[in-house]
Every structure is written in structure tokens, then in C-alpha cells.
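K.L.:
Chains as they are written, first to last, in numbering that gives the first Met the number 0: chain F, 0 to 918; chain X, 0 to 296.
Glycine included, every Cβ here is placed at the ideal spot set by N, Cα and C.
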Amino acid sequence: MTIFGVGFAAPWLLVALAALPILWLLLRAVPPAPIKRQFPGVALLLGLKDDETVSDRTPWWLLLLRMLAVAAIIVGLAQPVLNPEDPSATTNGPLLIVLDGSWAGAAGHTQRMNSVQSEMSRASAAGQTVAVLQLSNPADLLFLPAATWATRLAGLPPRPWQPSAENVSKATQIIADADASSSLWFSDGLEYGGRDTVLEALETVGPLQVFQSGRETLALTPASYIDGAIDLTVERSGATQARDVIVLAQGRDPAGNGATLATATASFDAGQTSTDVALVLPSELRARITRFEIQGTRSAGATTLVDDGLRRREVALVSAREGREGLELLSPLHFLKQALEPTADLIEGALSDVLPANPDVIVLADVATLSERETDALLAWIETGGMLLRFAGPRVAASDVSRVEEHPLMPVRLRSGGRSVGGAMSWGEPKSVAAFADTSPFFGLSIPDDVVVRSQVVAQPDPTLANRVIAELSDGTPLVTRKVIDQGQIVLFHVTANAEWSTLPLSGLFVEMLERLSISSSARLPDAEDLNGTTWTPLQVMNGFGILRDAGAMPGVAGPELIDGATRPDLLPGLYQSRERSLARNVLQTGAVLTPAMWPARIPVSGLTVRPPQPLGGMLLALALVLLLLDIVASLALSGRLLGQSARATLTMLALGVMLTHPDATRAQDAIDTGAAAEVVLANVITGNAKVDDVAYAGLLGLTDTLYFRTSIEPAPPTSINLETDELAFYPLLYWPITPEQPTPSVEAYAKLNAYLRSGGLILFDTRDANIAGFGAASPNGRKLQALAGPLDIPALEPLPRDHVLTRTFYLLQDFPGRHNSRDVWVEASPNAEQIEGMPFRNLNDGVTPVIIGGNDWAGAWAITSSGGPMLPVGRGFSGERQRELANRFGVNLVMHVLTGNYKSDQVHVPELLERLSQ
Amino acid sequence: MIQNGAQNAAGLRARAESQAATLPPLLARAEHLAGAVLLGDHGRRRAGMGDDFWQYRPAQVGDSRRMIDHRRSAMGDQQFVREREWQIAQSVMLWCDQGASMRFASTDALPTKADRARTLTLAAAILLIRAGERVGLTGTRLPPRRGKDQILRLADMLSQDQDIEYEPPEHRAMLPNAAALFVSDFMGDISGVQTALTKAADRGVRGTLLHVLDPSEEAFPFRGRTIFESVGGTVQHETLKANDLKDRYLQRLAERKAELQSLCALTGWQYGLHHTDSSAQAGLLWLYQALNGGVRV
């Protein structure tokens with residue numbers, strides 16, 4: 000029986016619906032169940048009568064809910080069916096189902112297979128046997144009952160190629176031999192050679208019906224690099240209306256997991272079958288892309304693999320002198336490393352070491368002279384496609400390289416000495432960079448205002464100069480020049496690679512310029528001729544859905560074939576490798592066009608919509624179950640038992656708990672760090688001995704006050720730091736009192752301390768024992784100091800010499816007392832201890848010794864109480880106060896020394912300079 | 000069970016000690032044995048045995064030399080003797096309702112009435128014992144004694160539950176002219192309280208009633224069809240609309256309170272109301288003042 004298009008298998012059950020009104024009356028009369036409550040006050044209630052004796056009524060909406068549930072059960076049991084089977088007759092006799100089975104069908108594969116299933120079940124209802132022929136992979140026909148074929152459909156996935164001429168001729172042969180009476184053709188919607196032949200063959204068999212989805216096929220052609228952007232072309236088979244297609248760049252995130260790295264939107268206008276989309280990505284991201292896909296389309300054609308073109312380049316950095324430790328910002332290679340590290344693999348070392356690695360780019364930072372052998376080797380490397388990137392510098396300016404005639408490894412001749420503009424000793428403003436000419440590889444980069452050049456080496460005017468300049472200053476002086484040698488090139492930046500001569504390395508422009516230069520040195524896409532005679536073995540191959548799998552032991556492919564041939568069973572799309580080069584072969588080649596399949600008017604074409612009979616009974620019964628559950632909840636709520644007091648309290652606590660158990664520890668630490676970084680903050684190391692720590696903190700507080708009152712250093716209140724957990728980099732000075740029982744720092748803490756010492760930090764070790772044992776192993780504090788300092792990277796030490804800069808950074812001092820007055824204070828030893836005439840001060844390591852070791856208990860002498868008075872007595876009477884004053888002066892000198900570095904020691908040259916100037 | 004009881008007793012004592020720790024020792028109002036004269040806080044106002052200074056008097060013949068207070072005597076030529084005030088300990092009789100109706104708390108967050116009543120009773124007892132008073136239970140089970148051991152015994156006795164639903168106040172063996180403290184929810188038959196108080200008044204016992212109630216007993220926050228059941232399960236009352244009963248219940252409760260208050264007024268007792276959702280400290284403060292001389296509510 001059918002009512003409103005819904006069939007019922009057991010329609011008589013519906014009679015039970017008539018009983019619903021009776022149920023209404025029954026349910027209405029039942030009062031809610033009583034709640035039992037403990038209540039001591041019941042004694043007072045005894046004898047009280049209810050005013051109303053009528054039972055409470057069930058609310059109407061609860062009744063409705065229950066009625067609906069019962070109705071749903073009744074209707075559900077009557078077994079309703081949507082779209083009941085319509086037993087309409089078709090032709091009898093074997094049915095041939097033909098599938099294109101190409102990649103173009105991968106997008107709608109599930110839908111198509113459902114459609115095939117439904118046609119098969121129709122055929123089986125009509126008693127027909129069925130055979131399936133996949134044109135992209137034709138095999139002999141098997142006429143079997145539809146149920147048997149249904150299990151075999153999974154074995155007919157879309158193939159990553161279109162039916163070839165060979166496939167078509169074989170299929171035509173098979174069709175001609177088959178004794179089918181009718182046929183169905185599930186087309187993928189794309190035109191290919193030989194489709195007409197198959198059509199003819201099928202028409203001779205019997206009535207033919209074509210199923211073709213209305214959706215258009217989308218495909219991506221291989222990505223190419225043009226002007227720093229990735230160019231992708233999206234093709235489509237239809238051209239009916241405007242639509243947007245989203246292209247996903249897939250790759251690996253830094254953790255190595257697959258991720259969508261970028262998306263771009265390609266817009267088709269109505270009537271347009273092909274559109275370009277350009278994707279500008281940071282090269283770090285670009286280097287990780289492995290494939291592009293069209294969102295929502297899963298097919299080999301809508302996937303394009305990416306090969307070497309986007310891989311990380313190998314860059315070798317060579318500089319003349321090894322950067323001294325602790326001077327990273329002055330190292331000529333620092334900014335290059337920072338700029339290139341995210342996008343390239345860096346090699347460092349001497350030129351002779353890096354050349355055999357055959358890098359893509361070699362950077363010479365301020366390297367003037369090269370030996371003959373090195374020059375020849377470099378030239379040979381450049382000729383084969385290497386790129387030499389050179390930076391000027393004091394050495395290049397001072398040398399005679401490329402002075403008289405052009406050096407083969409220099410793009411231009413240089414004037415001697417260079418020039419400096421806008422410095423303290425010269426006229427004029429620092430020069431800014433002029434906009435890039437359209438012939439320059441840098442064309443289009445925006446130049447920040449703060450990029451200025453103060454010094455540079457200047458090119459000699461030459462006939463060839465104009466062609467070689469790719470960037471110039473605002474006054475027309477060449478800034479970057481380039482010379483092409485065979486396949487390679489030499490590029491010279493006329494400034495240093497660090498920030499000494501210009502602010503260029505500090506700017507984002509520098510990174511972008513390097514990026515442009517590195518790109519132009521990338522491997523060019525090969526064509527068929529280039530690959531003559533090579534054989535490429537597949538690494539990974541794609542199936543029709545665009546999913547990669549390992550190629551296994553598939554045979555290799557000849558180079559030209561790989562570039563020009565169409566994909567077929569023995570030339571699958573995927574990644575191919577030949578020696579160290581790798582190449583991506585995609586289904587579509589650059590310039591490919593998708594043509595939609597057109598059918599003659601005599602052939603009936605229908606879509607792929609399927610409307611199988613759909614039983615509704617289960618849904619209705621489930622609905623009834625849900626309604627009954629709702630009824631339980633509603634009944635509980637009505638009688639007040641849904642949420643007890645305790646449950647409500649628990650929920651509130653849970654909510655509060657979730658809010659509160661989220662302590663933002665990192666943020667708190669950040670706040671401390673920000674404070675420490677914004678101001679000068681002295682710090683003491685926590686030893687674990689509360690008394691010593693308190694005195695150390697109070698000492699630094701006293702020193703902070705002294706500095707504040709007497710000098711231009713205005714430090715923020717000091718902090719106590721835990722070596723294990725706190726960041727040290729913000730503190731110019733660590734005061735480390737030694738106690739025999741303090742714990743030895745962990746390995747990580749030592750690593751931090753060593754980094755701190757190397758980057759210009761100073762640790763003041765204080766054994767607080769007046770150095771009675773002369774730092775031998777006799778005093779417990781001395782032994783502990785030896786144990787603690789063992790793993791530290793401390794240079795050779797010497798007793799503080801009389802001409803050390805510490806003796807005169809602010810006060811002139813010869814004694815460094817704390818609470819004790821011992822003369823032995825040790826600092827870093829001078830490497831060449833000879834005293835130069837007229838130059839009494841040392842000029843070491845930017846003037847700052849990494850450690851100072853003594854035992855005078857300085858913090859004890861500096862320490863003040865919260866009221867500002869001295870915390871501990873020093874000495875006796877006036878001489879004691881004098882000693883405290885000297886201790887404070889030592890503290891001032893110490894902090895001055897740390898903060899000013901060699902500036903103070905350089906001051907001694909001032910009279911000399913003034914004298915020279917007056918001459 | 001015994002061990003469990005002992006643990007309960009120890010726990011109760013610890014809580015009571017912590018409540019009592021923040022108050023100074025308490026000197027209960029002293030009603031003297033013979034006279035009905037109320038003299039105030041300072042003992043007997045005459046020299047005798049005691050701790051507090053009373054007066055210096057000139058040394059007389061017959062005073063032994065060691066009685067002379069040399070600090071005072073050194074100020075002049077005359078010799079003085081330091082006298083102390085005569086102080087006498089007071090007996091305080093306690094009764095705390097141990098019935099089943101006290102073992103009720105409307106939510107888990109609140110203590111049961113029994114718990115709060117025992118804590119307050121024992122805290123008061125501790126204060127009294129620290130002040131040197133003799134404290135015991137009404138009835139014959141624990142006569143008043145002084146000393147710290149008595150606290151232990153009290154704690155032990157107070158943690159024993161009774162099965163009876165609403166326990167009437169124990170009024171036997173009350174010492175004449177002692178002080179008394181009754182703590183209960185007074186939900187049971189009022190005649191028991193009446194008997195006890197009149198009997199106490201006959202014997203010259205002055206005291207304090209502390210009415211301990213759960214907040215739900217004051218608010219009656221119930222709706223719908225409900226069967227109310229006493230804690231012991233012996234009394235039941237069913238209603239179809241609990242919210243309708245609210246006003247009448249509250250009226251009865253107010254009547255009960257008024258009855259207790261008038262009873263107290265008649266017998267010279269003091270009436271105090273304590274809710275388990277307010278702090279125990281507040282209850283103890285009130286008790287402290289009440290026992291120490293009386294508050295006018």
C-alpha cells in the first residue's frame with residue numbers, strides 16, 4: 000500500500016493510531032510520583048492538610064511528546080518505505096556495462112559506482128545477467144548475476160590514464176565478440192581518441208544508454224616558477240558558468256606531518272576553460288610543498304606533483320677570518336646565516352672544503368685574495384652553473400684585487416679605498432637605495448626607507464658597467480653588480496654582509512634580494528632533448544585518485560618518453576629519479592586542454608542520480624526512542640529530580656575548575672623577562688642558603704641604590720635567579736656567592752651559563768672567606784668554587800693587574816675590599832701580556848672579563864636593610880666606613896666595566912687623538 | 000565500633016579545641032552557694048584563696064614573715080601583706096541533644112545539626128574548664144568535675160548517638176544553684192523542655208538554651224508531591240503540594256520559638272538561635288557572652 004509516495008509493508012498496524020486519543024486521557028490523569036525527603040521538622044507538619052486534593056496534571060507538552068513517541072512506534076512498525084520499487088519491465092537478455100575508468104572519473108567515482116549498483120539491481124530484478132568492461136583496462140567479458148558483479152566493482156578503480164588507442168581497439172574487439180542484448184555506458188565526461196569507435200561498436204550490440212555526470216572535470220597542469228611566484232593552470236571541461244576553484248598546496252609541516260601549506264583561489268569566468276593562478280609563498284614554505292591539489296576533487300588529474308624545482312638550495316658560506324666567539328652580531332656571516340637558514344642548506348668552511356660539495360651558491364664575505372688554484376676551481380664551478388655571491392668589506396677595500404684590470408672573480412673593477420658617506424668624519428647624508436630597474440632581478444621589491452649605505456666600495460666606470468649593475472644607490476653608484484659566466488654568474492654586493500657599512504643586512508629587503516638571487520640559480524626545467532639517453536626509475540607513482548604509493552620494482556622509462564609520452568599502464572604519473580636528479584611526471588602536461596565528451600542526439604544521456612528504495616521504519620523507531628529519552632529527562636525535571644543540589648554544585652565547581660586550573664606560567668615568566676630586558680637588572684644566583692641569598696640580594700639592592708645616586712646607570716631592583724629555570728641573557732652581571740653545600744647546576748644550566756659567558760655576560764664569584772686559603776683546596780668554599788667552575792668555559796686567569804680597566808672605569812681604585820680586605824682578585828688573563836708604550840690599558844675581549852673571582856664578601860659590604868641603613872658591620876669605626884665606601888666604589892666600577900665594555904679603556908686614546916688632530 | 004567511636008570522640012575534641020583556642024578563658028557567672036546575691040565578675044569580693052590580686056594590707060601580728068610582700072614594703076617603712084581574692088569554682092551542667100533528628104544536614108556542604116551542637120557544647124566546656132570551672136552532663140552519667148581529663152570524658156559522652164527520634168532534655172541530678180547549657184533543635188514535644196526548665200528554676204539553676212536549626216528548616220524550600228520523613232524514619236507526613244504547606248509550617252516554627260523564649264523568660268534562662276550555615280565561631284561567641292553574664296537579645 001502506498002500513501003503520499005510512502006509504501007507500507009504492514010499497513011494494518013496504522014489502525015492502532017486511532018487509540019491515541021484514549022491514551023491521551025489515560026496519561027493525563029496520572030499524577031507525578033512523590034519524592035521522599037528526610038526532614039526533622041516533620042514533627043511540626045503533623046496534622047496539616049492539603050488545601051487541594053485534586054491530582055497534579057501532566058503538562059500538555061509532555062503528553063504531546065509521549066503521544067508523538069507512541070505514534071512514531073506505530074508508524075515505524077508498519078514498515079514504511081520511501082521510493083518503493085517500481086517493477087517496470089526492460090529488455091531481457093545480457094546487459095553490458097561499459098566504464099571509461101579514466102582519472103577524470105575519480106572525482107565522482109563513488110556516485111558512479113552507486114549508480115552502476117542500482118542499474119545492476121534493476122537488471123537482476125529483471126533477470127538479466129551483467130558484464131562490466133572498463134575501457135581503460137579492457138579484459139574479457141564475464142556475464143554473471145548482478146549480485147556477483149556487485150562484489151567485484153571495487154576491483155575497477157579509475158586508472159591514472161585515458162583509454163589509449165591500444166585499449167580502444169582491444170575493447171572494440173571484445174564488444175564485437177560479446178553476445179549482449181543492451182548496453183549502458185558510464186562516461187567520465189572527457190573526450191579521447193577512439194571514443195567514436197567504441198560508440199559505433201556498442202550501437203551495433205543493441206540499445207545503448209549513456210550515463211554522464213553533469214559536473215565538469217577539473218585538472219591541474221604542472222606548476223612552474225615565474226618571477227618568484229608559483230604559476231598553476233587550472234583546466235576544466237565545461238565552460239558554462241563562472242566558478243571559483245580552490246587550489247591547495249600540500250606538503251609537510253616542520254614536524255614532518257602532511258599539512259596544507261597554502262591555498263589559492265582560481266576564478267573561471269563564464270565561458271573560460273582555463274585559468275591561471277599565481278601563488279607567492281615564502282621560500283621556506285615553498286621548499287616544503289610536495290604537491291598541489293584542487294580542493295574537493297580527488298583525482299590524478301587534479302593533482303600535480305612538485306620536484307626538484309622547489310627544493311632547498313645548498314649555500315656555502317666562506318669568510319676570511321673566523322668570527323671571534325661572543326661577537327656574533329659583528330660576524331660577517333651572521334646576517335647571511337639568519338637570512339638563508341630557513342630556506343637553504345648552509346655549509347661553512349674553507350673554500351677548498353666546500354667546493355667539492357658542489358653547492359648551488361658560494362658566498363664569499365669580505366674575502367679579497369684567493370690562491371691561483373682556488374680561483375681556477377671556483378671559475379670551473381661557476382662555468383657549470385654555480386653562483387658566486389661576494390660581499391665587500393675592509394679587506395676588499397684595502398686590497399688591490401680587480402684594481403687595474405678586472406679580476407675574473409669580480410664583476411667589475413674597483414676604485415681603491417672605497418668611499419664613506421654620512422659618517423662622523425665625512426660630509427653628506429648616508430645614501431639610500433634607488434628603485435630597481437626593470438632589467439634587474441630585484442625589480443619589484445619595495446625598498447624600506449631605513450636602508451642606508453654609509454660605506455661602500457666603488458666600481459670603476461667601464462663600458463660594461465651599465466649592463467652589470469643590478470642595484471644602485473640614489474646617486475647612481477652601483478650597489479650590486481653581476482657578471483654572467485657561461486651558465487653561472489658572479490654577484491658582488493658593494494657593502495659588507497654585516498651591518499658595519501650599511502643597514503641593508505638588517506632589513507627584510509636583504510632577505511628578499513638573496514631569495515631572488517638564489518631562485519635564479521635554481522635548476523632549470525629540462526625538456527625532452529635534455530633527457531636524451533637517460534633512464535628514469537619511478538620512486539613513487541600515483542593511482543587514479545591521485546594517491547601516491549611506492550613504485551616498488553617498476554621498470555625505468557626513457558627520458559624523452561617521460562617528458563612527451565601520455566600516461567599509460569607502463570608510464571604512470573609520479574616521481575621519477577635519475578642519478579641525483581628527480582623529476583615529477585604528472586597526468587597533464589603543460590598546455591594540455593580538457594575537451595568534454597559530446598554525444599550524438601540519438602543516444603539517450605542521463606545523469607547519475609540514484610533513488611533507491613529507502614526503508615523508513617528504523618528511522619521512525621529511533622525517533623521514538625529519542626522522544627522517550629526526552630520524556631525521561633522532562634519527567635525528572637518536572638518532579639525536581641533532574642539536578643540535585645549536589646549535582647548543581649558539582650557542575651559549578653567543574654566549570655570553575657576548568658577556568659582556574661589554567662595557570663599561565665609561561666606568561667608570568669615572559670612578564671619577568673620583559674621587565675629584565677627593559678631595564679638594567681643586577682642578579683644574584685640562588686644558592687639555597689637563605690641567609691646568604693638574603694645578604695646577596697640586599698647587597699645588590701644596595702649597589703643598585705649606589706649606582707642610582709652616583710652614576711647615570713639607573714638599574715631596576717635586582718632579582719634572584721634560579722640557574723635551572725630562569726633565562727640568563729637579560730642580566731649583565733651575575734653575583735654568585737659560594738656556599739659549600741649549594742647544589743651543582745645541571746648540564747643544561749651549565750650550557751646556559753657557558754652561552755651567557757660567551758655572549759658577554761660577567762659572573763662575579765665570591766667565596767666570602769677573605770681568600771684565606773688562596774683558592775687552594777684548603778677552604779671548603781674554595782673547593783666548592785673549583786668544583787662549580789670546572790665545567791664552565793672560563794679562560795686563563797691572572798690576579799687583577801694594576802693597569803686593568805676595572806681600576807679606573809669610574810673611580811680610580813687599587814683595592815677592591817668588601818667586608819674583607821684581600822688584594823687577591825682574579826680576572827681573565829691578557830693573552831699578550833706585554834705592555835705597549837703609551838697604551839697602559841688592556842684591550843681584551845671587548846674589555847670585559849667573563850669572570851671575576853674573589854673572596855671579599857662584597858655583597859655583605861653593599862647590603863642595605865629595607866630602611867636603607869647598612870645591614871652588616873664592616874671593620875671598626877671610621878676605617879670600617881672607609882672600607883664600605885671603597886667596596887661601593889668597586890661595585891660602581893664593576894657595573895660600569897660590564898656595561899661600557901672597551902669604551903672606557905679606549906678613552907685613554909683621546910689625548911693622543913686630540914694631539915694628532917691639533918697638528 | 001568502639002575504635003570508631005573513640006576516633007569520633009578524638010575528632011570532635013580536636014574541632015572543639017580549635018574553636019575554643021581563639022577565646023580567652025572564660026569565668027562563668029558565679030552564683031554563690033548560699034546567697035542569691037549576684038555580685039558580678041569578681042569572685043566573692045573578699046580576700047581568700049585565689050589567683051587575682053585583691054589588696055595590700057598592713058602586716059599584723061600573727062602574719063608569718065614569708066607573707067610580707069617586700070616589693071610593696073620597700074616603698075616605705077610599713078610592711079604590707081598581699082592578699083588575693085577568694086575565688087570559687089562554679090558547676091556547669093551540659094545537655095546536648097543526641098536524638099536522631101539532630102543527625103540531619105540539608106546539603107553535603109553543611110554540617111549536621113548534631114555535629115554543630117556537639118562542637119559548640121564541647122567548645123564551651125573547654126572554655127569553662129580552662130577557666131577553672133567544673134563541667135559535667137546533666138543526669139547521672141557524668142557528674143561535674145574539673146581538669147583536662149573531663150574534656151576527654153565529655154567528648155566521649157557527647158559522641159554517643161541515641162536512637163530515639165526526639166530526645167527530651169535530661170533534667171535529673173541537676174546540682175542546686177549550678178549553671179546549665181541545653182543545646183538542641185527542640186523539634187520534639189515541648190512539654191519535656193517545660194518540665195526540665197521549671198525543675199531547673201526550682202533548684203535555682205540558671206542557664207542557656209541554644210536552638211540549633213538547619214537552614215532548610217527555616218526556609219522550607221520544597222515543592223510538589225512529597226513524603227516528609229523524620230531522620231529515624233518513625234514519623235511520616237505526605238503532601239501533594241509541599242509549597243502550600245510552607246506558610247503554615249513557618250508559622251508553627253515561629254510559635255515554637257516564641258514558646259521557648261517565653262519559657263526562658265519565665266525561668267530566667269537565656270534563649271539563643273544558631274543556624275548550621277553560620278559559623279561555629281559566631282555561635283561560640285554568643286555562648287561565651289551568655290555564660291559569662293548574659294546578653295540581652
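1. Residues of the stretch 241-255 of chain X in Cβ contact with chain F at a cutoff of 8 angstroms, in chain order, please.
2. Determine the burial state of I631(F): buried for a count of at least 16 other Cβ atoms within 10 Å of its Cβ, exposed for fewer.
3. For Q37(F), which residues in chain X fall below 7 angstroms Cβ to Cβ?
4. Since T238(X) meets chain F, which of its residues come closer than 7 angstroms, beta carbon to beta carbon?
5. Just verifying my parser: in three-state terms, what is the DSSP assignment at R235(F)?
6. Would W11(F) pass as an interface residue toward chain X - the criterion being a Cβ-Cβ separation below 8 angstroms?
7. Tell me which residue opens and which closes the beta strand (DSSP E) that H170(X) is part of.
8. Label W11(F) either buried or exposed according to how many other C-beta atoms from any shown protein chain fall within 10 Å of its C-beta, with 16 as the threshold for buried.
9. Is the beta carbon of V894(F) closer than 8 angstroms to that of L732(F)?
10. On a Cα-Cα basis, can you pick out the residue from G487(F), Q488(F), I484(F), V451(F) that is closest to T476(F)?
11. Any contact of the stretch 896-916 of chain F with the stretch 691-703 of chain F, i.e. 3+ C-beta pairs under 8 angstroms?
12. Would you mind working out which of G817(F), S821(F), F877(F), F435(F) sits nearest R888(F), comparing C-alpha positions?
13. Unbroken alpha helix (DSSP H) runs of length 4 or more, entirely within the stretch 446-519 of chain F: which are they?
14. Looking at C-beta atoms only, is the number of pairs between the stretch 476-496 of chain F and the stretch 391-408 of chain F that lie closer than 8 angstroms three or more?
15. Rounded to whole angstroms, what is the Cα-Cα separation between L491(F) and A105(F)?
16. For S278(X) and L284(X), what's the separation of their Cα atoms in angstroms?
17. Run through the DSSP bridge pairs and tell me what R548(F) is partnered with.
18. Work out the CA separation of F185(F) and V129(F) for me, nearest whole Å.
19. Could you spell out the range, first to last residue, of the alpha helix (DSSP H) harbouring T109(F)?
20. Quick one: is H406(F) buried, meaning 16 or more other Cβ sit within 10 Å of its Cβ, or exposed?
21. Give every residue of the same chain whose Cβ lies closer than 7 angstroms to the Cβ of A433(F), excluding the five residues on either side of it in the sequence, and list them in chain order.
22. Identify every residue that forms a DSSP beta bridge with N7(X).
23. Within the continuous beta strand (DSSP E) that includes G250(F), where are the two ends?
24. Does any CB atom of chain F fall closer than 8 angstroms to the CB of G267(X)?
25. Does the beta carbon of A263(F) come closer than 8 angstroms to any beta carbon on chain X?
26. Shorter than 8 angstroms from the beta carbon of E258(X) to some beta carbon of chain F?
27. Tell me whether L12(X) is buried or exposed, calling it buried when 16 or more other Cβ atoms sit within 10 Å of its Cβ.
28. Flag this pair as yes or no: are the beta carbons of V680(F) and A715(F) separated by less than 8 angstroms?
29. Quick check on R222(X): buried or exposed, where buried means 16 or more other Cβ atoms within 10 Å of its Cβ?
30. Along chain F, in chain order, which residues have C-beta atoms closer than 8 angstroms to that of E216(X)?
31. Measuring alpha carbon to alpha carbon, tell me which of R121(F), L183(F), T150(F), D178(F) ends up nearest L134(F).
32. Checking 8 angstroms against the spacing of the C-beta atoms, do E228(X) and V625(F) come in under that value?
33. Since D162(X) contacts D96(X) with CB under 8 angstroms, what's their CB separation in whole angstroms?
34. In the DSSP output, which residue or residues are listed as bridge partners for G573(F)?
35. With 8 angstroms set as the bound, which would you pick, yes or no: does the beta-carbon of I720(F) sit closer than that to a beta-carbon of chain X?
36. Does the beta carbon of L44(F) come closer than 8 angstroms to any beta carbon on chain X?
P.N.:
Reading off the structure:
1. D243, L244, R247, Y248, R251, L252, R255
2. exposed
3. F103, E228, V230
4. D49
5. strand
6. At a cut-off of 8 angstroms between beta-carbon atoms, W11(F) makes no contact with chain X.
7. That residue, H170(X), is in no beta strand (DSSP E); it is neither H nor E in DSSP.
8. Within 10 angstroms of the beta-carbon of W11(F) lie fewer than 16 other beta-carbons, which makes it exposed.
9. yes
10. V451(F)
11. no
12. Taking R888(F) as reference, the option from G817(F), S821(F), F877(F), F435(F) with the minimal CA-CA separation is G817(F).
13. 464-467, 507-519
14. yes
15. 52 angstroms
16. 10 angstroms
17. V540(F)
18. 14 angstroms
19. Element bounds for T109(F): 108-124.
20. Its Cβ being crowded by 16 or more others within 10 Å, H406(F) is buried.
21. E471, L472, S473
22. DSSP output for N7(X) lists no bridge partner at all.
23. 242-251
24. no
25. Chain X contact via Cβ: absent.
26. no
27. One point to set straight first is that residue 12(X) is Arg, not Leu, in the sequence displayed. With a threshold of 16 other beta carbon atoms within 10 Å, R12(X) meets it and is buried.
28. yes
29. Its Cβ having fewer than 16 others within 10 Å, R222(X) is exposed.
30. F38, P39, G40
31. Checking every option, the nearest Cα to that of L134(F) belongs to L183(F).
32. no
33. Going by Cβ atoms, the distance from D162(X) to D96(X) rounds to 13 angstroms, so no, they are not a contact pair.
34. V540(F), R584(F)
35. Not an interface residue.
36. yes
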